[in-house]
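**Student:**
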Amino acid sequence: MEYLFNDWNSIWKQLKAAKHRVILFDYDGTLTPIVDRPEIAYLPDEIRVMLGKLAHRPGVTVGIISGRAISDIREMVGVDNIIFAGNHGLEIEGPGIRFIHPLTDEIKSAMHVIGLVLTKAMARIRGVIVEDKGLTLSVHYRMVDTEHLQQVDDIFDNTVNIVRKVGKIRTSSGKKVHEVRPAVPWNKGKAVQMIMEKFLPKNVRASYLSMYVGDDLTDEDAFEAINSAGGISIFVGDGRQKSAAAYYLNDTSEVSSLLAEVLKIT
Ligand SMILES: [Mg+2]
């Protein structure tokens, strides 16, 4: 990965020349630093103001694609004219776009049951938060004592194992969180493709530009989707880490600088 601002001249030119730009961000760890409890991962005011400005610029579409439920991410961001994709893209809503995965009802009732079982199984470990997000589940363990971490992993695996074995769910682990997702062929990458097809028509894609900024494993699908559309993929974190992204930024404060620079161009 190349440090984004080392190549800023070329990116500046692409952004400037584009007739339309689709600029997409993950939320946690990308626009806000990761914190102990997800409910206090507030968006810094300066970022909210910049996102609001960018979202109203002609020739720009802004989207936020998160593992959070769509109602949650919309409330955390609190900016209008933005596309929100929740639950890793299983639900997408914004000006000119509305998508919800066709198996929603089925998925929700299954997730609810798994959530109840996980909550019960994790009850004796302090600091675990089992979050039922409707279409997916998160087990947050950032606040758990180090000595109990192995227990969290074991309980999680034992609980989800049978359902996972029969192919009904998939699990993944990100930054201090285990995720349970329905085993449907859908992810942040598919959500990115859907948004691009809507806002960047294929026949004119050469003069259009897409960009995605994310920090975690579930963002890798999005990076790949952006790469194959000729867009700019940006990982937030250690540039020596393995990622499909072409560029990296060190932390969320540099994402803030990126927003400021993009606002100067558009
Ligand atoms: Mg993230």
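Residues in the sequence shown are numbered from 49 upward in steps of one, following the numbering used here. Ideal Cβ placement from N, Cα and C applies to all residues, glycine included.
Cα separation between residue 218 and residue 85?
**Tutor:** Cα to Cα, residue 218 sits roughly 24 Å from residue 85.
**Student:** On the DSSP letters alone, give me the boundaries of the beta strand (DSSP E) that residue 147 sits inside.
**Tutor:** Residue 147 -> beta strand (DSSP E) spans 145-148.
**Student:** Who's in the neighbourhood of ligand 1, going by beta-carbon under 5 Å from any heavy atom, listed in chain order?
**Tutor:** Chain-ordered list of matching residues: 74, 76, 77, 263, 264.
**Student:** Grab me the residues of residue 68's own chain with a C-beta within less than 6 Å of its C-beta, minus the 5 sequence neighbours each way, in chain order.
**Tutor:** Answer for residue 68: 107, 256, listed in chain order.
**Student:** Do residue 172 and residue 311 count as a contact pair if the criterion is CB distance below 9 Å?
**Tutor:** Contact: no.
**Student:** For residue 92, name the three-state secondary structure that DSSP assigns.
**Tutor:** Coil at residue 92, not helix or strand.
**Student:** Cutting at 8 Å between CB atoms, please list the residues of its own chain near residue 180, excluding the five before and the five after it.
**Tutor:** Excluding positions up to five away in sequence, the list reads 159, 160, 163.
**Student:** DSSP state of residue 173, grouped into three classes?
**Tutor:** Residue 173: coil per DSSP, three-state reduction.
**Student:** On a CA-only basis, which of 222, 223, 225, 216 is nearest residue 231? Give me that one, please.
**Tutor:** For the residues 222, 223, 225, 216, the minimum Cα distance to residue 231 belongs to 216.
**Student:** Of all the options 182, 138, 165, 137, which has the alpha carbon lying nearest to the alpha carbon of residue 326?
**Tutor:** In the structure displayed, the chain extends from 49 to 314; residue 326 sits before or after that span and is not available.
**Student:** For residue 259 versus residue 71, is the C-beta distance shorter than 9 Å?
**Tutor:** Yes, Cβ-Cβ distance for residue 259 and residue 71 is below 9 Å.
**Student:** Have a look at residue 152 and residue 135 and give me their C-alpha separation to the nearest angstrom.
**Tutor:** Roughly 11 Å between the two C-alpha positions.
**Student:** Quick check: what's the CA-CA separation for residue 281 versus residue 166?
**Tutor:** C-alpha separation (whole angstroms): 35 Å.
**Student:** Let me know the secondary structure DSSP gives residue 77 once reduced to three states.
**Tutor:** Here residue 77 sits in coil by DSSP.
**Student:** Taking only runs that begin and end inside the stretch 178-261, name each unbroken beta strand (DSSP E) of 3 or more residues, in chain order.
**Tutor:** DSSP runs (the beta strand (DSSP E)) wholly in the stretch 178-261: 185-188, 217-222, 225-230.
**Student:** Would a C-beta distance cut-off of 9 Å place residue 261 and residue 306 closer than the cut-off?
**Tutor:** Yes, they are a contact pair.
**Student:** Output the distance between the C-alpha atoms of residue 297 and residue 49, rounded to the nearest integer angstrom.
**Tutor:** So the two alpha carbons sit approximately 10 Å from each other.
**Student:** In this structure, does DSSP put residue 155 in helix, strand or coil?
**Tutor:** In the structure shown, residue 155 sits in a helix (DSSP, three-state: H, G or I).
**Student:** Within the chosen definition, does the stretch 276-292 reach the stretch 85-103 through at least 3 CB pairs nearer than 8 Å?
**Tutor:** These segments do not touch.
**Student:** Could you spell out the range, first to last residue, of the beta strand (DSSP E) harbouring residue 109?
**Tutor:** Segment 108-113, the beta strand (DSSP E) holding residue 109.
**Student:** Mark residue 110 as exposed unless 16 or more other C-beta atoms lie within 10 angstroms of its C-beta, in which case mark it buried.
**Tutor:** Looking at its Cβ environment, which holds 16 or more other Cβ atoms inside 10 Å, residue 110 is buried.
**Student:** Tell me, which residues are paired with residue 72 by DSSP?
**Tutor:** Answer is 111, 260, bridged to residue 72.
**Student:** Can you round the beta-carbon distance between residue 223 and residue 264 to whole angstroms, since I take them to be within the 8 Å contact cut?
**Tutor:** Contact flag correct, Cβ pair sits at about 6 Å.
**Student:** Can you tell me the Cα-Cα spacing of residue 283 and residue 294, whole angstroms?
**Tutor:** Distance between the alpha carbons of residue 283 and residue 294: 8 Å.
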